[in-house]
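Visitor:
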Amino acid sequence: MLIGCCSAQADWPQFLGEDRNGTSQETGLLDAFPAGGPEVVWRVPGGVGMSAVTIADGLAITTLNDSGKQWLVAFDAKTGERAWQTGLAAEYKNGQGDGPRATAAVSGGVVYAFTGDGVLCAVDQKTGELIWRTDTVKQCRASESEYGMSSSPLVVGESVIVHVGGSGTSVAAFGTSNGQLQWSAGSGPAGYSSPTLMTVAGKQQIVSMTGDKVLGIDPNDGAVLWTYDFPTPYACNTANPVSVDGDVFISAGENHGCVFIDVEQTGGKFEAKEHWASVDSKSVMRNEWQTSVLIDGYLYGFDNVGAAGPTTHLTCIDAETGETVWRRTRFGKGNLVYADGKLWITTMDGELVLVKVTPDGYQELGRAKLFGRTRQSLSIADGLGYIRDNQEVVCIKLR
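Per the working numbering, numbering through the sequence shown is continuous, rising by one, with the last residue being 413.
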């Protein structure tokens, strides 16, 4: 049986958590914020970048630009003391924001990181020693994505999978032990989303939303099981696919919209078709870079109006029908994860917002300004929340 990143239950070992779905099994967390907001446990200097914080085995790990390089940096999760730092590549600069984009993954005592220019690296989790590095763009004869290589590595068995782009190499798997190419699948732009392991139509598979389509891929050999075309302006498919009872929900910004894909298997063959779709400027959900979360049949997420415009609504929709259940208009840009019956929302204004998860309407439980401008979601582990901006990494007490 194939499995993804493995860790203790309290950890957050990869992008969007243990199951890459933006949810945590943590309980006993705050139901309201104390006066002045939750306690900041520690706050330490970091660097420029867009990756979230990975939590594994007592370390808080992220990637960042600093002093002319892209670094993988590990902090003690309890104290914020820097445990080690490893240079991965020259600093990454881009007109849409500097620094690495992808969030590191931890599996089997190894940290896998992907730089803004497409260098995939394996680093010893305890010592920070570089084990191997692979220039995926060069190896796959691809082209660097316009806004930076953004695919957060997915570890499945003895493979680490990222989106690279190119002819026959949209999605590529590399050996965890040596970084050598094992298989590749699909053609076209990489996009800015990340591969996700999920069970679709009764079969465990990698679901990848690249720059112009969604693919279901056999993780054993890279065979493409099904595809669904989903081209967007500038190949800006950024949010991750969401597993919905064996089917798949996808969404994109730039006024594009969302689709519920019904995948059926008959005689070992798969067919992907539209269950419902809500596209164009009146869509019910246009996730820009934020992945929606599924809770009890409802999808909660950010509906971004216009072509990367400033107007964003926090929205709840019925996953089965695509109907809007409630909408908090002009909430503002941010990101979210789910834990202990609540949405933990981080805004681009540096606020942590606590919202009760219910289809009955928006119920805010707390709001506090605790960090700087960021696009990243909160990483939750052992009663603590971790977030980074372009200056600092911050640990917040949630219990």
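Built from N, CA and C at the ideal position, the CB exists for glycine as well. Please read all numbers here as calculations on a predicted model, not as lab measurements.
Check whether the region 191 to 203 and the region 142 to 158 are in contact - that is, three or more C-beta pairs closer than 8 Å.
Guide: Contact holds: three or more Cβ-Cβ distances are below 8 Å.
Visitor: In the structure shown, what three-state DSSP assignment does Gln-153 receive?
Guide: Helix.
Visitor: Would you check if there are 3 or more beta carbon pairs closer than 8 Å linking the region 209 to 227 to the region 251 to 263?
Guide: Flag = yes, the region 209 to 227 and the region 251 to 263 touch.
Visitor: For Ala-103, name the three-state secondary structure that DSSP assigns.
Guide: Reduced to three states, the DSSP call for Ala-103 is strand.
Visitor: Among the residues of its own chain, which have a CB less than 6 Å from the CB of Tyr-400, if the five just before and after it don't count?
Guide: Same-chain partners within the cutoff: Val-67, Ala-74, Ser-393 and Cys-409.
Visitor: Just verifying my parser: in three-state terms, what is the DSSP assignment at Tyr-248?
Guide: Tyr-248: helix per DSSP, three-state reduction.
Visitor: Could you tell me the distance, in whole angstroms, from the CA atom of Ile-183 to the CA atom of Ala-97?
Guide: The sequence given here places Thr at residue 183; Ile does not occur at that position. Distance between the alpha carbons of Thr-183 and Ala-97: 36 Å.
Visitor: Just grab the DSSP bridge partners of Val-54 for me.
Guide: Note: Val-54 sits in a beta bridge opposite Ile-410.
Visitor: Quick one: residues in its chain with C-beta nearer than 6 Å to the C-beta of Lys-347, no 5 flanking neighbours on either side, listed in chain order?
Guide: So the qualifying residues of the chain are Thr-326 and Met-362.
Visitor: Gln-219 and Gly-230 look like a contact to me (Cβ under 8 Å); what is the Cβ gap, rounded to whole Å?
Guide: At roughly 5 Å, the Cβ-Cβ gap stays under 8 Å, so Gln-219 and Gly-230 are in contact.
Visitor: Closest to Phe-316 by CA distance: which of Gly-202, Pro-203 and Arg-344 is it?
Guide: If we check each option's Cα against that of Phe-316, Arg-344 comes out closest.
Visitor: With a threshold of 6 Å on Cβ separation, who are the neighbours of Ser-21 within its own chain once the five nearest residues in sequence on each side are excluded?
Guide: Any answer about Ser-21 is weak, because its pLDDT of 44 lies below 50 and its placement is not dependable; what the coordinates show is given next. Same-chain partners within the cutoff: Pro-27 and Ala-70.
Visitor: What distance in whole Å lies between the Cβ atoms of Leu-168 and Pro-114, which are believed to be in contact at a cut-off of 8 Å?
Guide: At roughly 16 Å, the Cβ-Cβ gap does not stay under 8 Å, so Pro-114 and Leu-168 are not in contact.
Visitor: Residue ranges of each alpha helix (DSSP H) run of no fewer than 4 residues wholly in the region 298 to 323, ordered along the chain?
Guide: Those alpha helix (DSSP H) runs which fall completely within the region 298 to 323 and span 4+ residues do not exist here.
Visitor: Of all the alpha helix (DSSP H) runs that stay within the bounds of the region 115 to 203, which reach a length of 4 or more residues?
Guide: List check, alpha helix (DSSP H) in window: 150 to 153.
Visitor: Do Gly-36 and Phe-391 have their beta-carbon atoms positioned less than 8 Å apart in this structure?
Guide: Reading off the sequence shown, one finds Ser at residue 391, where the question assumed Phe. Yes, the Cβ-Cβ distance between Ser-391 and Gly-36 is below 8 Å.
Visitor: Can you give the beta carbon distance from Gly-101 to Trp-85, rounded, assuming they're within the 8 Å contact cut?
Guide: So it is a contact: roughly 6 Å between Cβ atoms.
Visitor: Is it true that the CB of Ala-24 sits closer than 8 Å to the CB of Asp-396?
Guide: Yes, they are a contact pair.
Visitor: Could you have a look at Lys-283 and say whether DSSP puts it in helix, strand or coil?
Guide: Of the three classes helix, strand and coil, the one that applies to Lys-283 here is strand, per DSSP.
Visitor: On the DSSP bridge assignment, give the partners of Thr-361 in chain order.
Guide: According to DSSP, Thr-361 bridges with Gly-348.
Visitor: Could you tell me which of Gly-364, Arg-389 and Tyr-376 sits nearest to Lys-383, measuring between CA atoms?
Guide: With distances taken between Cα atoms, Lys-383 lies closest to Gly-364.
Visitor: Roughly how many angstroms lie between the CA atoms of Thr-329 and Glu-105, to the nearest whole one?
Guide: Approximately 37 Å, taken between the alpha carbons.
Visitor: Do Val-185 and Ala-199 have their C-beta atoms within less than 8 Å of each other?
Guide: A contact, by the Cβ cut-off of 8 Å.
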